[in-house]
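J.: Residue 49 in our numbering sits at position 49 of the sequence shown, with consecutive numbering throughout.
In this text, a Cβ means the ideal position worked out from N, Cα and C, and glycines have one as well.
Predicted model, so just to flag it, every value in this text is computed and none were measured.
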Amino acid sequence: MAAIKCMKCGANIPEGASFCPNCGAPKAEEKPAPQQEQQQTASAPTPIPEPKAQKSIPELIDSIFSETNMFVMIFLGILIACIGGLIFTFGGSSTTIQIGTVINVFGCLMIGLFLLIGGISIKSYEKFVKLGMILGGAIMITWSLSIPA
Ligand SMILES: [Zn+2]
């Protein structure tokens with residue numbers, strides 16, 4: 001078994017270790033680079049990779065159901081519901097009525113969902129506004145789910 005030597009400082013690196021215990025350099029690769037280049041880079045500090053910050057679930061919900069997203073998604077929901085309504089109204093055939101209904105329900109569900117979760121998770125709103133959003137969202141979801149039945 002050949003002893004692994006650090007390419008930067010020449011210290012012995014124990015088997016299984018991925019960094020030199022003496023200077024912290026990564027373990028030498030199979031191909032040794034020319035000696036001169038190694039000496040030139042020997043003083044360069046090894047950057048320590050920062051651990052990636054993982055978002056917790058409440059933070060994730062906060063970021064998805066932020067105030068800005070709320071307006072965008074509710075607006076999109078209204079738009080989708082209107083498109084569904086138009087297809088439903090002007091489509092003519094039973095297929096377009098079905099497609100229109102599905103799109104309309106999807107849009108309404110989107111509005112309801114974002115009203116409901118927004119009312120629960122957005123902290124800056126007044127209690128009555130939050131309550132109104134939660135109630136409105138719940139009614140919207142219940143109503144839209146009752147349409148296809
Ligand atoms: Zn070393």
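Just curious, the alpha helix (DSSP H) that C82 is in, first and last residue?
T.: First-last of the alpha helix (DSSP H) with C82: E67 to F90.
J.: Taking C-beta to C-beta, are G112 and G137 nearer than 7 Å?
T.: Yes, these two residues count as a Cβ contact at 7 Å.
J.: Would you call the CB atoms of I61 and G84 closer than 7 Å?
T.: no
J.: May I ask you to list the residues that DSSP assigns as paired with F19?
T.: P26
J.: Could you give the first and the last residue of the continuous alpha helix (DSSP H) run that contains K130?
T.: K127 to S146
J.: Measuring CB atoms only, is the stretch 67 to 78 touching the stretch 105 to 119, in the sense that at least three cross pairs come out at less than 8 Å?
T.: yes
J.: Let me know the secondary structure DSSP gives I4 once reduced to three states.
T.: strand
J.: State buried or exposed for L109, treating a residue as buried only when at least 16 other CB atoms are found within 10 Å of its CB.
T.: buried
J.: DSSP has I61 in a bridge; who is on the other side?
T.: Partner(s): none; I61 has no beta bridge.
J.: To the nearest angstrom, how far is the alpha carbon of P58 from that of K123?
T.: Going by the C-alpha atoms only, they are around 12 Å apart.
J.: Measuring straight from C-alpha to C-alpha, what distance separates S146 and M140?
T.: 10 Å
J.: Pick out every residue whose C-beta is nearer than 5 Å to a heavy atom of ligand 1: which are they, in chain order?
T.: C6, K8, C9, A11, C20, N22, C23 and A25
J.: How would you call C6, buried or exposed, if buried means at least 16 neighbouring beta carbons within 10 angstroms?
T.: buried
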